[in-house]
Amino acid sequence: MKFILERPVKKVPTLRGITVANLFFEPSTRTLNSFVVAERTLSADTINISKSFSSVAKGETLLDTARNIEAMMVNMVVIRHSVPGAPHYLAKRINSSIINAGDGAHEHPTQALLDLLTIREKFGRIKGLNVSIIGDIIHSRVARSLTLGLKKMGANVVLCAPPPMLPEWFLQYGVELTYRLPEAIKDSDIIYTLRIQTEREAESFIPSIREYRKFYTINYGNLKKYAKEGIIIMHPGPVNRGVELTPDVADGPWSLILNQVTNGIAIRMAILYLLSGRKEE
Amino acid sequence: MRRKLLMTPKEIKNSLERIAFEIKEREDIKKLCIIGIRNRGDILGKRIKEIFMKETKVSIPVGVIDITLYRDDFTTLGPKPLIGSSEIPCKIEGKTIILVDDVLYTGRTTRAALDEIIDFGRPEKISLCILVDRGGREFPICPDYIGRKVEVGDNDIVEVHLKEIDKDEGVFIVKRGGKH
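Protein chains in written order, with our numbering: chain S, 1 to 281; chain C, 1001 to 1180.
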């Protein structure tokens, strides 16, 4: 799908006549706009609904909002919600195809898929690569979806965070856990950093952001000291510069952060393409 | 299912040579660009290019398009087909495009291909080159270069096998069981 984005006319008529509703009940720049660009590239019509500008602010329930939107002849619904399982709840109750664009601290499947695409583009494979995911693991839907995706594709995954942010139940996925940053950097092909999710009270899990920066920020110094040649840095965005990464690391030649954004459009186009059309009988 | 041979490998080769000759007679070689429709039009396009190379020492750019995203029956399809990429090696502005496909039937694929090509730019002219024209058009589309013309009933299938991707080579008419 990515080749369409490189054409003079970045539009194909595939989803002409199909309406997609983007229900974003949590703030988003990348995911929402990436979905909008993907939908428009495939010629779908879009409506965007956010929490503050809709009747949700007046107390309408999620199911009522979704049913009303469906009554406007919408074919697909992209939903981001702060409650884990909200997309699943809707999928069972309305007829449109539902795409999960992130549900609370649960899952973010489209992000994981675009990350896998970015990794495969760079390395030509996923199997056997060493990937370290570093940061606010416990609050991160990206960590969960990406870990599942990477393990499924045969990569080795190390999770690294301060102890309160590193739940042991992640061990069931066959990953390694560490509290020490040098251990996570050493031997890894890819460092995947995560933001401290202050909107989910993450600051109460660590003594202070200042202390976190001292032990867990990826900077040029610790890359030079511990990382192997050709290491790649990824981040799902938004980046808090100076907390997860220093600016020189985020903007360096090893950074694939902007490739991730472009690939996000391609992945979302592929998902919309696969889920559109007639439901199988 | 019964299978009847319509064209032998030798006949395919002769047809393509004749088509290449006709293109040379009728078009401005300097402006030519061949675009094949996946999965077999692109192979036929490459073969026509090779014939040109041998005859005239001129190398014509060959591109390929996948029309899946432009189909008019998209929303009624069940499982979604895999999409191959479309690659056009040159700017198509001012070019004469030879659009190549293996079989021409309803004309819907050609319609989709024309739409896709126009999304890449504005060629001076598009000509249609077909190995087998089996009749049964549903759109006002008429080929310019034809390998073989044959009337085939709606229940039968014309299969083109090319050695590059199939085990054998030849054009076959396959009778489907049922009404006939």
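Where is the CB? At the ideal position from N, CA and C, for every residue including glycine.
At a cut-off of 7 Å between beta-carbon atoms, T46 of chain S makes no contact with chain C. Inter-residue distance for T1096 of chain C and I1029 of chain C is about 9 Å (C-alpha atoms, whole angstroms). T46 of chain S is bridged by DSSP to S:V20.
For L1099 of chain C, the closest Cβ of chain S is not nearer than 7 Å. Within the region 13 to 34 of chain S, the residues whose Cβ lies closer than 9 Å to some Cβ of chain C are P13, T14, L15, R16, G17, I18, listed in chain order. Proximity of the region 1013 to 1031 of chain C to the region 50 to 63 of chain S falls short of the contact definition, fewer than three beta-carbon pairs being nearer than 8 Å. Non-local beta-carbon contacts of S1085 of chain C in its own chain, meaning distances under 7 Å to residues more than five positions away in sequence, involve D1066 in chain order. Within its own chain, the residues whose Cβ lies closer than 7 Å to the Cβ of P84 of chain S, once the five positions on either side in sequence are excluded, are D103, G104, A105, H106, listed in chain order.
Listed in chain order, the non-local C-beta contacts of I1060 of chain C below 6 Å within the same chain comprise L1032, I1034, K1049, F1052, local neighbours out to five positions each way being set aside. Inter-segment contact for the region 126 to 136 of chain S and the region 176 to 193 of chain S is present: three or more beta-carbon pairs are separated by less than 8 Å.
Around G237 of chain S, the same chain offers R30 as residues with beta carbons nearer than 6 Å, after the five sequence neighbours per side are excluded. At a beta-carbon threshold of 9 Å, none of the residues of chain C lie near R120 of chain S; the nearest stands roughly 16 Å away.
At least 7 Å separates the beta-carbon of K1175 of chain C from that of L274 of chain S.
The residue from S:R40, S:M269, S:L23, S:S82 with its alpha-carbon nearest to that of N68 of chain S is S:L23. With a threshold of 7 Å between beta carbons, L113 of chain S makes no contact with chain C. Nearest to Y1145 of chain C by C-alpha distance, out of C:E1017, C:T1008, C:M1007, C:R1003, is C:E1017. For chain C, none of the residues of the region 71 to 105 of chain S brings a beta carbon within less than 8 Å of one of its beta carbons.
Shown here for P109 of chain S: same chain residues with a beta carbon closer than 6 Å to its own, the five before and five after excluded, namely N100, S145 in chain order.
Here F215 of chain S is not bridged, per DSSP, to any residue. Taking a contact to require three or more Cβ pairs closer than 8 Å, the region 145 to 157 of chain S and the region 239 to 255 of chain S do not qualify as touching. The shortest C-alpha to C-alpha distance from N75 of chain S to any of S:V20, S:R120, S:I49 is the one to S:V20. At least one beta carbon of chain C lies nearer than 7 Å to the beta carbon of V9 of chain S. Contact annotation for L129 of chain S against chain C: no contact, minimum CB-CB distance about 25 Å [criterion: below 9 Å].
In this structure, the CA atom of Q260 of chain S is about 8 Å from the CA atom of M234 of chain S. Straight-line measurement puts the Cα of S140 of chain S at about 13 Å from the Cα of P164 of chain S.
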